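Written below as structure tokens is the structure these notes are about.
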Amino acid sequence: HNYYHWMLALLPKIGLLRESGINFKSIGKFVVSSQSERPFQRETLEILGIPSDRIVESLKYPYIKAKTLIVPKLFANMGEFGTIPKWGYEFIKKEFIKLGIQKNSEAFNGVYISRQDAPTRRVINESEVVNFLSKFGIKSVTLTSMSVIEQASLFAGAKVVVAPHGAGLTNLLFCRQGTKVIELIPHNDIRMWYYHLSNNCELDYYYLLGKSVTPQQDVKVNLDLLSELMKLAGLS
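Position 18 of the sequence shown, counted from 1, bears residue number 20 in my numbering, the numbering being contiguous throughout.
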């Protein structure tokens, strides 16, 4: 699972378990259909009350015998539109609000999420874009080295989020209502995942198509069009 699928398709299943009335502490092991060795996976499971010694990875143990097997099912379309039930977003957000992400977040004008350290969907003229956005008080940030809590606090404090399409935008679920979102999308690979996420979280969503100029779907952003979009969003 990448960050998006992990946060919005897997973790809400834990919410289903809690709502079912099953004694959470009575569950001996949790079978996870992914290698949970990535930091964000371990971190989020522990936040939701599942320590590493209660995790069984199905890739390592494909055959498991249990007296009782509980299989929560999340009815969601992870295909073209990537729609997740609204309660799934709300469950995750509520768990992180308990940790004080909104109280501890530093309110600032806006953030641009850089993908320069990613293999795909980078912004080719990013230095120009970052320089342009800095005039609006929007700072550039790379999420790779940040914990989930740090990412959640960052998005909770942002009034504006600008980013190329990528898993980092999953953190929109931590934004406050009314946060303005501008997604930079390759013209030949339009996906509506974060449009739906923004709508469910009551964010003010906009998108800008960039010309995809490489096989990796890296895009070049037209600054004139971005400027017009900023005006449309009421940011200039």
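The beta-carbon is built from N, C-alpha and C at its ideal position, and this holds for glycine as well. None of these values were measured; they are calculated from a predicted model.
As a quick exercise: from the options, pick the residue whose alpha carbon is nearest that of residue i.
i    : options                   : result
E92  : V113, A120 and S200       : S200
K96  : E128, L135, V221 and P14  : P14
R189 : L71, Y207, Q118 and G212  : Reading off the sequence shown, one finds His at residue 189, where the question assumed Arg. The shortest C-alpha separation from H189 is found at G212.
R56  : I29, P74, Y65 and I66     : I29
I187 : L228, K161 and A154       : L228
M232 : T46, I140, S60 and L71    : I140
F157 : D191, D119 and Q104       : Q104
A179 : K75, Y207 and V125        : The question names Ala, but residue 179 is Gln in the sequence shown. Of the candidates K75, Y207 and V125, the one whose C-alpha sits nearest the C-alpha of Q179 is Y207.
L19  : L76, S35 and L61          : L76
Y65  : R44, V34 and P87          : V34
G159 : H198, L225, C177 and M148 : C177
V113 : V58, F134, I126 and I94   : F134
D119 : D191, Y63, G236 and S147  : S147
F138 : E128, V164, Y197 and W89  : V164
Just to confirm the assignment, what range does the beta strand (DSSP E) spanning residue i have?
i    : result
L186 : K182 to P188
Y114 : G112 to I115
S142 : I140 to V143
P166 : V162 to P166
Taking the DSSP output, what are the residues bridged to residue i?
i    : result
E59  : V34
V73  : None; V73 has no bridge partner.
V125 : V221
Express the C-alpha separation of residue j and residue i in angstroms, rounding to a whole number.
i    : j    : result
W195 : T122 : 17 Å
E48  : P41  : 11 Å
E185 : L210 : 6 Å
S142 : G170 : 13 Å
R117 : K69  : 46 Å
S214 : I52  : 41 Å
T172 : R193 : 13 Å
I2   : L12  : Nothing in the structure corresponds to residue 2, since the chain is present only between 3 and 238.
L145 : Q153 : 7 Å
F83  : L101 : With a pLDDT of 46 at F83, under the threshold of 50, the modelled position of that residue is not reliable, and the figure given next carries that caveat. Near 30 Å, if we compare the C-alpha coordinates of L101 and F83.
K31  : E59  : 10 Å
Y63  : S155 : 35 Å
D191 : K222 : 14 Å
M9   : D226 : 35 Å
N127 : N224 : 9 Å
P217 : I115 : 21 Å
L174 : L50  : 19 Å
Let me know if residue i comes out buried or exposed under the rule of 16 or more other beta-carbons within 10 Å of its beta-carbon.
i    : result
S54  : exposed
K182 : buried
Y5   : buried
G17  : buried
D220 : buried
P166 : buried
Is residue i near the ligand GTP, going by C-beta to nearest heavy atom under 7 Å?
i    : result
Y196 : In the structure on display, the ligand GTP does not appear, and there are no ligands present to speak of.
For chain D, find out if any of its Cβ atoms is closer than 8 Å to the Cβ of residue i; answer yes or no.
i    : result
L205 : The structure shown has no chain D; it contains just one protein chain.
Please list the terminal residues of the continuous alpha helix (DSSP H) segment that includes residue i.
i    : result
L210 : Not the alpha helix (DSSP H): L210 falls in the beta strand (DSSP E), residues D206 to S214.
V150 : V150 to G159
P41  : P41 to I49
V131 : E128 to S136
R202 : For the sequence presented, residue 202 should be read as Asn rather than Arg. Where N202 is concerned, the enclosing alpha helix (DSSP H) stretches over W195 to N202.
R20  : P14 to E21
Y65  : Run containing Y65: none; DSSP gives neither H nor E here.
K95  : K88 to I99
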